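Since the structure comes first, as structure tokens, the remarks are kept for the end.
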Amino acid sequence: VECYADLANAFRRAFRKYLGRVITEVSVGLGPAGELRYPSYPEPLWTFPGVGAFQCYDTYMVANLRAAAYTVGKPEWRHGGPHDGGGYNARPEETGFFDETYGRYDTDYGRFFTAWYAQALVAHADRVVKAVHSSFAPEDGVTLSIKVPGVHWWAGTRARAAETTAGLHASGRPVNDGIYEDIISMCQRTGTRFIFTCLEMSDDEQPCHAGCAPEALLRRVTRAAWTRNVSIGAENALPRYDPIAHERMVARMHGECLGATEPPEGWRLSNFTFLRMSEAMFRTENWKRFSSFVRQAAEPPKAEALKSADDLADESGADSGSLKQQQELAESAYAGWVSSPFV
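Residue numbers 210 to 552, in my numbering, belong to the letters of the sequence shown in order.
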């Protein structure tokens, strides 16, 4: 943690003249891919929709677990993670711990272990974020942010296995008062922005055998953030260049499609990061769709939805592959980026 604080101090010194103008947000990396999670589903060992594996077997985690077990008067729980938690690519019903009917996740031991495991992750985030905050001053004009992944597979089941091994769910915690809420409360205390992934996903696009629930996750964290007055941003989990995904993301940026409880009038995401820049993004049709998406994100649609690539081509009267049209679209997209908080 001290090393991380030293890095933040060095960053501030090196880029001080850009802070508050060019650099307005500093993302604090807290785990794999910069996300707040345990490395429970590492590539190439893991494939979707495996439950992942608990990561609590190094010297320090074992010592921490031992102390926690003795504190609750259960020294027999001190030895490590569940022996029946399965492997990276197991399904819940293939494990003794996550089985929906007989799983140990819903026993006294399961509730103790998953709470300890998740709270260790939240405590880690709290320590690191506070250390980085101490390196910046209010006059720097930058916002710190953390990124939390949308671990949506098995999120529609009682055991929520993949979230549990990633440290984002604890058995026995009530719905809408769990680990996500603990993380967002930490953001509230420290003035940190909460970034969440999978903005583009819908339940009906996911395989039915994986218990996926990306929409419920997005609704949950969004509500938790705006009820606590925490700034929230988002990004897409997978590259999408189709109008359906773009329209869905624009709507969600402005608080639509979040269920019966809508956010306050005028609420919107603080920012949005599009993943990712690649060769596919600059293909003619993809670039037109992306350019339209950027314009709509900067100025939300009122009476009409996002226009398709074909609509754009018809209105322009130009060949979709012409250099002139590509230049115009690129200039329009750039103007949208620089005028929008969704960057």
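Idealized CB from N, CA, C, for every residue including glycine. Nothing here was measured: the structure is a model prediction, and the numbers come from that model.
- What span of residues does the beta strand (DSSP E) with residue 372 cover, start to end? Premise fails: residue 372 lies in the alpha helix (DSSP H), 370-375, not in any beta strand (DSSP E).
- In terms of residues, what are the limits of the alpha helix (DSSP H) holding residue 436? 423-436
- Item | Inter-residue CB distance, residue 185 and residue 343 (contact presumed, cutoff 8 Å) | Because the chain here runs from 210 to 552, residue 185 falls outside it and cannot be looked at.
- Give the straight-line distance between the Cα atoms of residue 500 and residue 415, rounded to the nearest whole angstrom. 26 Å
- Close Cβ partners of residue 487 (< 8 Å) along its chain, the five nearest in sequence each way excluded: 448
- Query: Of all the beta strand (DSSP E) runs that stay within the bounds of the segment 290-362, which reach a length of 3 or more residues?
  - Reply: 352-357
- Flag this pair as yes or no: are the beta carbons of residue 254 and residue 359 separated by less than 7 Å? no
- Message: Nearest by alpha-carbon distance to residue 314: which of 268, 368, 216 and 485 is it?
- Response: 368
- Message: Buried or exposed, going by whether 16 or more other CB atoms sit within 10 Å of the CB of residue 461?
- Response: buried
- Message: Determine whether the beta carbon atoms of residue 478 and residue 443 lie at a separation below 7 Å.
- Response: yes
- Which residues in the same chain as residue 366 place their Cβ atom closer than 7 Å to its Cβ, once the five residues preceding and following it in sequence are excluded? 301, 309 and 420
- Item | The alpha helix (DSSP H) enclosing residue 394, as first and last residue numbers | 388-399
- Answer yes or no: do residue 312 and residue 303 have a C-beta to C-beta separation smaller than 7 Å? no
- Query: Buried or exposed: which applies to residue 350, given that a residue is buried once 16 or more other Cβ atoms fall within 10 Å of its Cβ?
  - Reply: exposed
- Task: Note down the Cα distance separating residue 211 from residue 438, rounded to an integer number of angstroms.
- Result: 30 Å
- How is the beta strand (DSSP E) around residue 235 delimited, first residue to last? 234-236
- C-alpha distance - residue 370 paired with residue 230, whole-angstrom precision: 42 Å
- Within its chain, find whatever has a CB closer than 8 Å to the CB of residue 257; leave out the 5 residues flanking it on each side and keep chain order. 362 and 419
- Message: Taking a contact to mean a Cβ-Cβ separation below 7 Å, would you say residue 237 touches residue 338 in this structure?
- Response: yes
- Query: Going by alpha carbons, who is nearest to residue 388 out of 433, 498 and 493?
  - Reply: 433
- Run through DSSP, which three-state label would residue 220 get? helix
- Item | Inter-residue Cα distance where the pair is residue 411 and residue 290 | 33 Å
- Query: residue 199 to residue 451, Cα distance in whole Å?
  - Reply: The structure shown has nothing for residue 199, since the chain only spans 210 to 552.
- Message: Quick check on the DSSP output: the beta strand (DSSP E) that includes residue 444 runs from which residue to which?
- Response: 441-444
- Indicate the three-state DSSP secondary structure (helix, strand or coil) for residue 366 in the structure shown. coil
- Message: Is the separation between the beta-carbon of residue 260 and that of residue 307 shorter than 7 Å?
- Response: yes
- Item | residue 326 beta carbon less than 7 Å from that of residue 376 | yes
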